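Asks: With the first letter of the sequence shown counted as 1, position 18 gets the number 67 in this note's numbering; the numbers rise by one all the way through. Ideal Cβ positions, reconstructed from N, Cα and C, are used throughout, including at glycine. Note that this is a predicted model, so its numbers are computed, not measured.
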Amino acid sequence: MQIISIDEDRCALCGTCIAVCPRRMLKEADGSIKIMDPA
Numbered sequence: 050m051q052i053i054s055i056d057e058d059r060c061a062l063c064g065t066c067i068a069v070c071p072r073r074m075l076k077e078a079d080g081s082i083k084i085m086d087p088a
């Protein structure tokens with residue numbers, strides 16, 4: 050299983066990662082991309 054990480058210095062908050070995430074584990078909140086707990 051791969052570990053998800055987001056480089057906040059490079060993130061432009063474009064939302065592309067949210068749109069293409071096959072597990073729908075990403076969301077935008079509080080001005081950054083958050084990794085949601087799949088449980």
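1) When you compare each of S81, M85, D86 to A61 by their alpha carbons, which one comes out closest?
2) Quick one: give me the first and last residue of the beta strand (DSSP E) that A68 is part of.
3) I think I53 touches M74, with their Cβ atoms under 8 Å apart; what is that distance to the nearest whole Å?
4) Could you give the DSSP three-state label for L75: helix, strand or coil?
5) So what does DSSP say about S54, is it helix, strand or coil?
Replies: Let me lay it out:
1) It is S81.
2) Run containing A68: none in the beta strand (DSSP E); it sits in the alpha helix (DSSP H), 65-69.
3) 7 Å
4) strand
5) If DSSP states are grouped into helix, strand and coil, S54 belongs with coil.
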